[in-house]
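Novice: Here's a structure for you.
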Amino acid sequence: MDRTTTRPHGRRWLGGALALAVGSGLVLVGGAGTAQAADVNVAKNAGFENGLTNWACSAGSGAAVSSPVRTGVGALRATPAGLDNAKCVQTVAVKPNSTYTLSAWVQGGYAYLGASGTGTGSGSVSTWTPDSAAWKQLTTSFTTGASTTSVEIYTHGWYGTSPYSVDDVSVFGPDGGGGQDPDPVVPSTPAGLAAGTTTSSSVPLSWNAVSGATGYKVYRDGANPQTVTGTSTTVTGLTADTAYQFQVAATNAAGESAKSAAVTARTAKVTDPGPGPAVPKHALTGYWQNFNNGATVQKLRDVQSQYDIIAVSFADSTTTAGQIVFNLDPAVGYTSVADFKADVAAKKAAGKSVVISVGGEKGNVTINSDASATAFANSAYALMQEYGFNGVDIDLEHGINSTYLTKALRQLSAKAGSSMVLTMAPQTIDMQNTGTEYFKTALAVKDILTVVNMQYYNSGSMLGCDGKVYSQGSVDFLTALACIQIQGGLAPSQVGLGVPASTRGAGSGYVDPQIVKNALDCLTKLTSCGTFKPAQAWPTLRGAMTWSTNWDATAGNAWSNAVGPHVHNLP
């Protein structure tokens, strides 16, 4: 799925950003000066543990947040808006004729790091990175002029892109007279350790923040410490109906605190998973954007009522292969995670299924081993438990391993039970024949699979089930490619037609809603067909999907208002 307006435009824009950086005299430097014994970090409040003290952000664009953080309990989260690129600055005291290494850890949208007023060369240095799901270090260096005693360091994002996060800033070099933040001392012992509602394989834990801590170690039965940066975690991979004892210690550069008082928690018993997915016979699927890319920004409660399955886009990968997390983007307007969870619950109460989507155009989750398969299943189930998601959507567009993805989905199904909703959104090339990794996965999990909503866009012409080539955007393209999936072994009830909700929703492949309706009628009733007509009707065809509910709203809900009632009135 496209996070940018269109895939081609997104790629050209990146090149433009690079050209702008170079054209503006911003030097992209990868090297660093050699640190001397007396060098210090002259940046103050470098980890944002004291809010925005010593920092100033343009147009109120910056805020100190407790999540996501790399170390400690604070980080900077800045949001570009309109003509403001969310620039945050600090003036640091430096020594003339000296070299400094400037670095910071960033995450999220496009992020720049630089210094101005150095007194040498152009007076400025800068480096940058495009979107980064995980924390990534930016580094550059500068040399001060003969009379330079202060330099402005800064971070900023890019106009109209996602918010970015910054933590652990360092301006390392000779003390310019301003000193440095006090050296850390061993943090105190954490208090308030508590266990939440357990599942048959996991225990959620939380505790109070400790001043000066840059991380925490969570101990299970006195051993096997798990390192985390925040004040909560979910311990997974546990045995059902078993008691475990947990403790937590605070850490920083000075050392580790004593362990907290122990908390005992027992995992839940394995219970009857209950009935199958409560998805209508004919269903409309829509992807909801957890980011702002120019489409109408929605809260989950704003998603149009025609949608039966709502795919929350997207989960984020971590440094652990296969593991996923969900980070609610401030750009969508929620004041708290609890508010979002309430919206999930309200949609479910209204009879909708809400699933967490994994992948998208820029998402890349690697599941290529038994360990990564287990990490995926455990983390996906933890998200289902925490947020109330009904299941998962597999939208991996960077290659999959059918053997291990199948194992991951089987493990997840065993945890979640038969009520789990499992959807997929492969690209057209992924479903051209049963030998592709995606098709093999779909067939391998057919007994737990809800629907495959193939993306009939951003692909160009493709072969139909009759061996003929059909042009993207036609009724024949939709029907002849759906035929491949059914003839290849999927049940008609597991096939949906995925199309963009507007011309801005994808780089190519938008079709008028009437073409979608004609294709649905052709597949279910053998009416309104183009030149291709299936050998039989498939009246149980599941329905249709669109990217996205946000682009649908941008276009006045024209897609859901037209296609939704048609899907729900299929035979």
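The opening residue of the sequence shown carries number 0 in numbering that gives the first Met the number 0; numbering runs sequentially from there. Glycine included, each C-beta is placed from N, C-alpha and C at the ideal position.
1) Taking 9 angstroms as the threshold (C-beta atoms), are S368 and D394 in contact?
2) So the alpha helix (DSSP H) E151 belongs to, where does it begin and stop?
3) Output needed for L112: all residues of its chain with C-beta closer than 6 angstroms, excluding positions within five of it in sequence on either side, in chain order.
4) Flag this pair as yes or no: are the beta carbons of I309 and T139 separated by less than 9 angstroms?
5) Would you kindly check if the distance between the Cβ of V227 and the Cβ of N214 is under 9 angstroms?
6) For the alpha helix (DSSP H) containing L112, list its first residue and its last residue.
7) On the DSSP bridge list, what partners appear for V165?
8) Ignore the nearest five residues each way along the sequence and tell me which others in Y509's own chain have a CB closer than 6 angstroms to its CB.
9) Hey, is the segment 446-462 in contact with the segment 477-494, meaning 3+ C-beta pairs nearer than 8 angstroms?
10) What distance in whole Å lies between the Cβ atoms of Y306 and K351, which are believed to be in contact at a cut-off of 8 angstroms?
11) Rounded to a whole number of angstroms, what is the C-alpha to C-alpha distance between L404 and G321?
12) If distances are taken between C-alpha atoms only, which option among N251, A277, F290, L237 comes closest to T266?
13) What number of angstroms, rounded off, separates the C-alpha of K298 from the C-alpha of A552?
14) Compute the beta-carbon to beta-carbon distance between K347 and V354, rounded to the nearest angstrom, for a pair I have assumed lies under 8 angstroms.
15) Is T90 near S131, with beta carbons less than 9 angstroms apart?
16) Measuring straight from C-alpha to C-alpha, what distance separates L525 and L519?
17) Could you tell me the distance, in whole angstroms, from the CA atom of E255 to the CA atom of N363?
18) From the DSSP output, which residues share a beta bridge with D83?
19) DSSP three-state call for C482: helix, strand or coil?
20) As an exercise, report each continuous alpha helix (DSSP H) stretch of at least 4 residues that is fully enclosed by the segment 359-385, in chain order.
21) Could you please give the first and the last residue of the uninterrupted beta strand (DSSP E) stretch that includes W550?
22) Looking only at its chain, what residues have a beta carbon closer than 6 angstroms to the beta carbon of S231, apart from the 5 residues adjacent to it on each side?
23) Return helix, strand or coil for L522, following the three-state DSSP convention.
24) Does the distance from the CB of T78 to the CB of P329 come in under 9 angstroms?
25) Locate the alpha helix (DSSP H) running through T402, then write down its first and last residues.
26) Could you give the distance in angstroms between the alpha-carbon of L462 and the alpha-carbon of L540?
27) Take every Cβ of the segment 46-56, pair it with every Cβ of the segment 191-201, and state whether three or more of those distances are shorter than 8 angstroms.
28) By how many angstroms is the C-alpha of G390 removed from the C-alpha of T658?
29) Identify every residue that forms a DSSP beta bridge with V354.
30) Do the CB positions of T235 and Y380 come within less than 9 angstroms of each other?
31) Any idea what DSSP makes of R265, helix, strand or coil?
32) CB-CB under 6 angstroms to C528, same chain, minus the five flanking residues each way: which ones, in chain order?
33) For a test of the three-state rule: what should DSSP assign to Q225, helix, strand or coil?
34) Is DSSP giving P564 helix, strand or coil here?
35) For the putative contact between T545 and G285, defined by C-beta atoms under 8 angstroms, what is the C-beta separation to the nearest angstrom?
36) CB G293 to CB D166, shorter than 9 angstroms?
Specialist: Straight from the coordinates:
1) As a working mapping, residue 394 is identified with position 395 in the sequence shown. As a working mapping, residue 368 is identified with position 369 in the sequence shown. Cβ distance not < 9 angstroms, so D394 and S368 don't count as in contact.
2) Stepping through the sequence shown from its first residue, residue 151 is reached at position 152. Careful: E151 lies outside any alpha helix (DSSP H), inside the beta strand (DSSP E) at 149-155.
3) As a first step, residue 112 is located in the sequence shown; it is residue number 113 there, counting from the start. Once the five neighbours on either side are set aside, the close Cβ partners of L112 are A103, T126, L137, T154.
4) Stepping through the sequence shown from its first residue, residue 309 is reached at position 310. Stepping through the sequence shown from its first residue, residue 139 is reached at position 140. No. Outside cutoff.
5) Counted from its first residue, the sequence shown places residue 214 at position 215. Counted from its first residue, the sequence shown places residue 227 at position 228. A small correction: the amino acid at residue 214 is Gly; Asn does not occupy that position in the sequence shown. Contact flag set, yes.
6) In the sequence shown, counting from the first residue as 1, residue 112 sits at position 113. No alpha helix (DSSP H) contains L112, which is instead part of the beta strand (DSSP E) from 110-115.
7) Counting from one through the sequence shown, the residue named residue 165 turns up at place 166. Beta-bridge pairing links V165 to L75, V105.
8) To locate residue 509, count along the sequence shown from 1; it is residue 510. Taken in chain order, the residues that qualify are P499, T502.
9) yes
10) Reading the sequence shown from its first residue, position 352 is the one you call residue 351. Reading the sequence shown from its first residue, position 307 is the one you call residue 306. Indeed they touch by this definition, with Cβ atoms about 7 angstroms apart.
11) Here residue 404 corresponds to residue number 405 of the sequence shown, with the count starting at 1. Here residue 321 corresponds to residue number 322 of the sequence shown, with the count starting at 1. Straight-line Cα distance between these residues: approximately 9 angstroms.
12) One-based indexing of the sequence shown puts residue 266 at position 267. Ranking the options by Cα distance to T266, first place goes to L237.
13) Along the sequence shown, read from residue 1 onward, the residue named residue 298 stands at position 299. Along the sequence shown, read from residue 1 onward, the residue named residue 552 stands at position 553. Going by the C-alpha atoms only, they are around 12 angstroms apart.
14) Counting from 1 along the sequence shown, the entry for residue 347 is found at position 348. Counting from 1 along the sequence shown, the entry for residue 354 is found at position 355. Contact flag wrong, Cβ pair sits at about 11 angstroms.
15) Residue mapping note: residue 90 aligns to position 91 of the sequence shown, counting from 1. Residue mapping note: residue 131 aligns to position 132 of the sequence shown, counting from 1. The answer is no: Cβ separation not under 9 angstroms.
16) Within the sequence shown, numbered from 1, the residue matching residue 525 stands at position 526. Within the sequence shown, numbered from 1, the residue matching residue 519 stands at position 520. The straight-line gap from Cα to Cα measures roughly 9 angstroms.
17) Residue mapping note: residue 255 aligns to position 256 of the sequence shown, counting from 1. Residue mapping note: residue 363 aligns to position 364 of the sequence shown, counting from 1. About 34 angstroms.
18) Within the sequence shown, the letter at position 84 stands for residue 83. Answer by DSSP bridge pairing, in chain order: A80.
19) On the sequence shown, residue 482 is found 483 positions in, with the first residue counted as 1. Looking at C482 - three-state DSSP - the assignment turns out to be helix.
20) none
21) Working through the sequence shown from its first residue, we reach residue 550 at position 551. Run containing W550: none in the beta strand (DSSP E); it sits in the alpha helix (DSSP H), 548-553.
22) The count along the sequence shown starts at 1 and reaches residue 231 at position 232. For S231, where only same-chain residues beyond five positions count, the Cβ hits under 6 angstroms are S205.
23) Looking up residue 522 in the sequence shown gives position 523. Residue state, collapsed to three classes: helix.
24) Residue 78 sits at position 79 when you count from the first residue of the sequence shown. Residue 329 sits at position 330 when you count from the first residue of the sequence shown. Yes, the pair counts as a contact, with Cβ atoms nearer than the cut-off.
25) Counting from one through the sequence shown, the residue named residue 402 turns up at place 403. That run of the alpha helix (DSSP H) goes 401-415.
26) In the sequence shown, residue 462 corresponds to position 463, counting from 1. In the sequence shown, residue 540 corresponds to position 541, counting from 1. L462 and L540: Cα-Cα distance of roughly 21 angstroms.
27) no
28) This structure does not reach residue 658, given that the chain is present from 0 up to 570, and the question cannot be answered.
29) In the sequence shown, residue 354 corresponds to position 355, counting from 1. Per DSSP, A310, G390.
30) Against the sequence shown, residue 235 aligns to sequence position 236. Against the sequence shown, residue 380 aligns to sequence position 381. Cβ distance < 9 angstroms, so T235 and Y380 count as in contact.
31) Position 266 of the sequence shown, counted from the first residue, corresponds to residue 265. In this structure, R265 counts as strand in the three-state DSSP scheme.
32) For this step, residue 528 is matched to residue 529 along the sequence shown. Same-chain partners within the cutoff: C521.
33) Taking the first residue of the sequence shown as position 1, residue 225 is located at position 226. It is a strand residue.
34) For the purposes of this step, residue 564 is identified with residue 565 of the sequence shown, where counting begins at 1. Helix at P564.
35) Counted from its first residue, the sequence shown places residue 545 at position 546. Counted from its first residue, the sequence shown places residue 285 at position 286. That pair is a contact at about 6 angstroms.
36) Within the sequence shown, the letter at position 294 stands for residue 293. Within the sequence shown, the letter at position 167 stands for residue 166. Result no, Cβ atoms of G293 and D166 do not sit closer than 9 angstroms.
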